[in-house]
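Student: Sharing a structure below in structure tokens format, with a few things to ask.
Number of protein chains: 2
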Amino acid sequence: MSDTTSVERAFAILETFEREKRALSLKELSEFCRIPASTCHSLVHTLVRRAYLYQTGRRKELYPTRRLYDMGATILAHDEVLLRLLPAMEELRDATRETVILGKRRKEDIVYLEVLESPEVIRYSARPGDTKPLHSTCIGKCMLAAMPANDLGAWLSEHPPYPVTGGTITDSAALLSNLEEGRREGVFTTRGENVADVTALAVPISVNNELYGLAVAGPSHRIDDRFEQVRCCLKDAQQSLLERDLAGHV
Amino acid sequence: MSDTTSVERAFAILETFEREKRALSLKELSEFCRIPASTCHSLVHTLVRRAYLYQTGRRKELYPTRRLYDMGATILAHDEVLLRLLPAMEELRDATRETVILGKRRKEDIVYLEVLESPEVIRYSARPGDTKPLHSTCIGKCMLAAMPANDLGAWLSEHPPYPVTGGTITDSAALLSNLEEGRREGVFTTRGENVADVTALAVPISVNNELYGLAVAGPSHRIDDRFEQVRCCLKDAQQSLLERDLAGHV
DNA sequence: AGTTTTGATTCATATTTGAGAATTATGTTG
DNA sequence: CAACATAATTCTCAAATATGAATCAAAACT
Chain A
1 MSDTTSVERA FAILETFERE KRALSLKELS EFCRIPASTC HSLVHTLVRR AYLYQTGRRK
61 ELYPTRRLYD MGATILAHDE VLLRLLPAME ELRDATRETV ILGKRRKEDI VYLEVLESPE
121 VIRYSARPGD TKPLHSTCIG KCMLAAMPAN DLGAWLSEHP PYPVTGGTIT DSAALLSNLE
181 EGRREGVFTT RGENVADVTA LAVPISVNNE LYGLAVAGPS HRIDDRFEQV RCCLKDAQQS
241 LLERDLAGHV
Chain B
1001 MSDTTSVERA FAILETFERE KRALSLKELS EFCRIPASTC HSLVHTLVRR AYLYQTGRRK
1061 ELYPTRRLYD MGATILAHDE VLLRLLPAME ELRDATRETV ILGKRRKEDI VYLEVLESPE
1121 VIRYSARPGD TKPLHSTCIG KCMLAAMPAN DLGAWLSEHP PYPVTGGTIT DSAALLSNLE
1181 EGRREGVFTT RGENVADVTA LAVPISVNNE LYGLAVAGPS HRIDDRFEQV RCCLKDAQQS
1241 LLERDLAGHV
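Sequences listed follow chains A and B, in order.
Numbering of the first sequence is given in our numbering, commencing with residue 1 and proceeding in unit increments.
Numbering of the second sequence is given in our numbering, commencing with residue 1001 and proceeding in unit increments.
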């Protein structure tokens, strides 16, 4: 399986600037990213040539240019999936005052594509691009539940549900019946299975015939108190996003 | 000189999304970027693993995630140079109603780091990350004029000024005296030397003891009519940015 | 200012990656 | 629904890159 190290490293460099939030020398970069100085030099050289980095200051310190931002902004403004889902997600966030998440399955995990954080100071906090396990998150359960029974069985035996918190369901049979319950209710939940004291609910959403998961997550005490209300808001959002031209996946 | 192809290609892929503004299949990407399909596959694989791309739609179409945007936004918000210069640049744009540009020298060219476009519909239009020649642009002239006489002479003989437009100064002696004039006046100008019917003025700016060029550019007829006024606005901006702790470069 | 230390850059070579051919999967058409 | 067409993916070896050592440049210190 091909593994383009240099690309990974180029992004590691950019991510280092994102984390450090300041100009960095080649030396610092090579240390932060665990890249040999000579290799780091050639990567930086390429990034400067493409105008993603520029040299600021005497000591040849480096910092990214606006280019990355402008590219990201143009791309974001034309994301059809997000454009379609955002209004309903914002409404859902405002109705529940909890964090709303859009996620999608990759091979063996979930990626967050959009996160609208709750206005509360104590809230479920995450970032687009974060990845989570399939078996311990509510969006993950959406995805597992959408698999044909045979495939799901096979997947479970190859990927036995490992503990993430003390509350994670680590028994395959228990997970299967949890999924079945979710299918019946039309909503998948986690209670402290991925993060202690976090309860989250998710429903499947179909866009362009592709499956996504829409979730509401927050501190267990706030969610559990008004579980039915939150569940209804989520189902309403799901309903408003239903595509007429295709059947749901579940 | 090392040339990390795979990194260049990874960014070529992202830039393709920026240009096309839609989801693309692997095949399309490999055609747009002139990358063999198998190679493109491994690059995309890496970008998906890092959550910079996600698969949208049945036919395995791809689109970038928000990750790029969020990273760019965080980085942009902490750019010390821009933070320092932006207020004066905005003021200058509002005072002149023309496009204001911040540029910096790389080895053999100028990179635009920031562009605040004029509110007029006919305006000088450019993007951060664009690169321009040294000898035909006003910011380039700032940079050349800051070189020690010997180095400048040597540079000119190795890089004879080639024509960009019909108006480009292609005679080294003429360019030298044009630079000298700029040094005397404290402002460097181009009139149709890089783009026909565009007049631009630039002054050198020093940040962290590093040289930048600040320019105002617009249609020649609009600028020439009020050259002195524009010049004064630019000099005012330069003055307001003067650092007390170090001498100018010129 | 001379000396030392630190960081940037270059270079030759072992290692890894990239490209074409073959294979598999998916969607399309008769 | 079968056969075709198109795209995605895997695999292997030639070719390009990554690396450590050496060199060069610039700060920091005495």
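Backbone N, C-alpha and C fix where the C-beta goes; we use that ideal spot for every residue, glycine too.
Determine the DSSP secondary structure at residue 1182 of chain B, reduced to helix, strand or coil.
Tutor: Counted from its first residue, the second sequence places residue 1182 of chain B at position 182. Residue 1182 of chain B falls in the helix class under three-state DSSP.
Student: So if I threshold CB-CB distances at 9 Å, which residues from the stretch 1071-1098 of chain B count as touching chain A?
Tutor: Listed in sequence order: 1071, 1072, 1073, 1074, 1075, 1076, 1077, 1078, 1079, 1080, 1081 and 1082.
Student: According to DSSP, is residue 1218 of chain B helix, strand or coil?
Tutor: Start at 1 with the first residue of the second sequence, and residue 1218 of chain B comes out as number 218. If DSSP states are grouped into helix, strand and coil, residue 1218 of chain B belongs with the strands.
Student: Which residues in the same chain have their Cβ closer than 6 Å to the Cβ of residue 1237 of chain B, if we skip the five residues on either side of it in sequence?
Tutor: As a first step, residue 1237 of chain B must be located in the second sequence, where it is residue number 237. So the qualifying residues of the chain are 1088 and 1092.
Student: Determine, using beta carbons only, whether residue 1198 of chain B and residue 1112 of chain B come nearer to each other than 8 Å.
Tutor: Numbered from its first residue, the second sequence carries residue 1198 of chain B at position 198. Numbered from its first residue, the second sequence carries residue 1112 of chain B at position 112. No.
Student: Helix, strand or coil for residue 10 of chain A, going by three-state DSSP, please let me know.
Tutor: Taking the first residue of the first sequence as 1, we reach residue 10 of chain A at position 10. Helix at residue 10 of chain A.
Student: Quick check on residue 1187 of chain B: does DSSP put it in helix, strand or coil?
Tutor: On the second sequence, position 187 is the one that residue 1187 of chain B refers to. Coil, per DSSP.
Student: Anyone know if the C-beta pair for residue 142 of chain A and residue 204 of chain A falls short of 8 Å?
Tutor: Counting from 1 along the first sequence, the entry for residue 142 of chain A is found at position 142. Counting from 1 along the first sequence, the entry for residue 204 of chain A is found at position 204. Contact flag set, yes.
Student: Out of B:1156, B:1152, B:1225 and B:1061, which has the shortest C-alpha to C-alpha gap to residue 81 of chain A?
Tutor: Locating residue 81 of chain A in the first sequence gives position 81, where the first residue counts as 1. Out of B:1156, B:1152, B:1225 and B:1061, B:1061 has the C-alpha closest to the C-alpha of residue 81 of chain A.
Student: Give me the residue from B:1054, B:1079 and B:1058 with the minimum Cα distance to residue 1068 of chain B.
Tutor: Locating residue 1068 of chain B in the second sequence gives position 68, where the first residue counts as 1. Comparing Cα positions, the closest option is B:1054.
Student: Identify which residue in B:1222, B:1096 and B:1171 has its Cα closest to the Cα of residue 1156 of chain B.
Tutor: In the second sequence, residue 1156 of chain B corresponds to position 156, counting from 1. The shortest C-alpha separation from residue 1156 of chain B is found at B:1171.
Student: Just mark residue 1247 of chain B as buried or exposed, buried being the case when its beta carbon has 16 or more other beta carbons within 10 Å.
Tutor: Within the second sequence, residue 1247 of chain B is the residue found at index 247, counting from 1. Residue confidence for residue 1247 of chain B is low, a pLDDT of 40 falling below 50, so the modelled location carries little weight; the figure read from the coordinates is stated next. Counting Cβ neighbours within 10 Å, residue 1247 of chain B comes out exposed, since fewer than 16 surround it.
Student: Shorter than 8 Å from the beta carbon of residue 213 of chain A to some beta carbon of chain B?
Tutor: Locating residue 213 of chain A in the first sequence gives position 213, counting from the first residue. Not one chain B Cβ lies under 8 Å of residue 213 of chain A.
Student: Which value, in whole angstroms, describes the spacing of the CA atoms of residue 223 of chain A and residue 97 of chain A?
Tutor: For the purposes of this step, residue 223 of chain A is taken as residue 223 along the first sequence, with counting starting at 1. For the purposes of this step, residue 97 of chain A is taken as residue 97 along the first sequence, with counting starting at 1. Rounded to the nearest whole angstrom, the C-alpha separation of residue 223 of chain A and residue 97 of chain A is 10 Å.
Student: For residue 264 of chain A, does the three-state DSSP call read helix, strand or coil?
Tutor: The first residue shown for chain A is 1 and the last is 250, placing residue 264 of chain A beyond what the model contains.
Student: Kindly indicate if chain A contains any beta-carbon less than 8 Å away from that of residue 1217 of chain B.
Tutor: Residue mapping note: residue 1217 of chain B aligns to position 217 of the second sequence, counting from 1. No, its Cβ sits nowhere closer than 8 Å to a Cβ of chain A.
Student: Name the DSSP beta bridge partners of residue 1148 of chain B, please?
Tutor: Stepping through the second sequence from its first residue, residue 1148 of chain B is reached at position 148. Per DSSP, none; premise fails for residue 1148 of chain B.
Student: List the residues of chain A whose Cβ lies closer than 7 Å to the Cβ of residue 1104 of chain B, in chain order.
Tutor: Locating residue 1104 of chain B in the second sequence gives position 104, where the first residue counts as 1. The answer, in chain order, is 54.
Student: Spell out whether any CB of chain B is found under 8 Å from the CB atom of residue 117 of chain A.
Tutor: Counting from 1 along the first sequence, the entry for residue 117 of chain A is found at position 117. Output row for residue 117 of chain A: interface = no.
Student: So with CB distances below 8 Å, who are the chain B contacts of residue 108 of chain A?
Tutor: By 1-based counting over the first sequence, the position of residue 108 of chain A is 108. Those within 8 Å of residue 108 of chain A in chain B number zero; the least Cβ separation is about 11 Å.
Student: Let's test the definition: count the other Cβ atoms within 10 Å of the Cβ of residue 128 of chain A and tell me whether it reaches 16, buried, or not, exposed.
Tutor: What you label residue 128 of chain A is simply residue 128 of the first sequence in a count that begins at 1. The residue is buried, with at least 16 neighbouring Cβ atoms inside 10 Å.
Student: Counting pairs of beta carbons, one from the stretch 1035-1054 of chain B and one from the stretch 17-31 of chain A, are three or more of them closer than 8 Å?
Tutor: Between the stretch 1035-1054 of chain B and the stretch 17-31 of chain A there are fewer than three inter-stretch CB-CB distances shorter than 8 Å, so the stretches are not counted as touching.
Student: So, under 8 Å CB-CB, residue 1216 of chain B and residue 1234 of chain B are touching, yes? Tell me the CB distance rounded to an integer number of Å.
Tutor: Translated into the one-based positions of the second sequence, residue 1216 of chain B becomes position 216. Translated into the one-based positions of the second sequence, residue 1234 of chain B becomes position 234. Indeed, because the Cβ distance is near 6 Å, the residues count as touching under 8 Å.
Student: Please list the residues of the stretch 116-135 of chain A that have a C-beta atom closer than 9 Å to any C-beta atom in chain B, keeping them in chain order.
Tutor: 127, 128, 129, 130 and 131
Student: With 16 as the cutoff for other CB atoms within 10 Å, does residue 245 of chain A come out buried or exposed?
Tutor: What you label residue 245 of chain A is simply residue 245 of the first sequence in a count that begins at 1. Because residue 245 of chain A carries a pLDDT of 38, less than 50, the predicted location of this residue cannot be relied on, and the following value inherits that uncertainty. With fewer than 16 Cβ atoms within 10 Å of its Cβ, residue 245 of chain A is classed as exposed.
Student: With a threshold of 16 other CB atoms inside 10 Å of the CB of residue 1079 of chain B, please say whether the residue is buried or exposed.
Tutor: By one-based count along the second sequence, residue 1079 of chain B stands at place 79. Under this definition residue 1079 of chain B is a buried residue.
Student: So, are the CB atoms of residue 175 of chain A and residue 187 of chain A less than 8 Å apart?
Tutor: As a working note, residue 175 of chain A is residue 175 in the first sequence. As a working note, residue 187 of chain A is residue 187 in the first sequence. Their beta carbons are not under 8 Å apart, which means residue 175 of chain A does not touch residue 187 of chain A by this criterion.
Student: How many Å lie between residue 73 of chain A and residue 84 of chain A at the Cα?
Tutor: Here the question's residue 73 of chain A lines up with position 73 in the first sequence. Here the question's residue 84 of chain A lines up with position 84 in the first sequence. Looking at the two C-alpha atoms, the distance is approximately 17 Å.
Student: For residue 1165 of chain B, I'd like the list of residues in its chain whose CB is within less than 7 Å of its CB, leaving aside the five on either flank, ordered along the chain.
Tutor: Working through the second sequence from its first residue, we reach residue 1165 of chain B at position 165. Result list for residue 1165 of chain B: 1192, 1193, 1194, 1195 and 1196, in chain order.
Student: Does the beta carbon of residue 16 of chain A sit closer than 8 Å to a beta carbon anywhere in chain B?
Tutor: Within the first sequence, the letter at position 16 stands for residue 16 of chain A. False, the Cβ-Cβ gap to chain B never drops below 8 Å.
Student: Hey, could you find the ends of the alpha helix (DSSP H) residue 1073 of chain B is sitting in?
Tutor: Taking the second sequence and counting its residues from 1, the one referred to as residue 1073 of chain B is at position 73. For residue 1073 of chain B, the enclosing alpha helix (DSSP H) has its first and last residue at 1067-1077.
Student: Comparing the C-beta of residue 1209 of chain B with each C-beta of chain A, is any distance below 8 Å?
Tutor: Working through the second sequence from its first residue, we reach residue 1209 of chain B at position 209. It does; some Cβ of chain A falls within 8 Å.
Student: If contact means a Cβ-Cβ distance below 9 Å, which residues of the stretch 22-39 of chain A contact chain B?
Tutor: 22, 23, 38 and 39
Student: Using a Cβ-Cβ distance cut-off of 8 Å, determine whether residue 51 of chain A contacts chain B.
Tutor: On the first sequence, position 51 is the one that residue 51 of chain A refers to. Between residue 51 of chain A and chain B, the shortest Cβ-Cβ separation is below 8 Å.
Student: From the DSSP output, which residues share a beta bridge with residue 258 of chain A?
Tutor: The displayed coordinates of chain A run from 1 to 250. Any statement about residue 258 of chain A would go beyond what the structure contains.
Student: Under the rule that 16 or more other beta-carbon atoms within 10 Å means buried, what is residue 1132 of chain B, buried or exposed?
Tutor: On the second sequence, residue 1132 of chain B is found 132 positions in, with the first residue counted as 1. Around the beta carbon of residue 1132 of chain B, 16 or more other beta carbons lie within 10 angstroms, which makes this residue buried.
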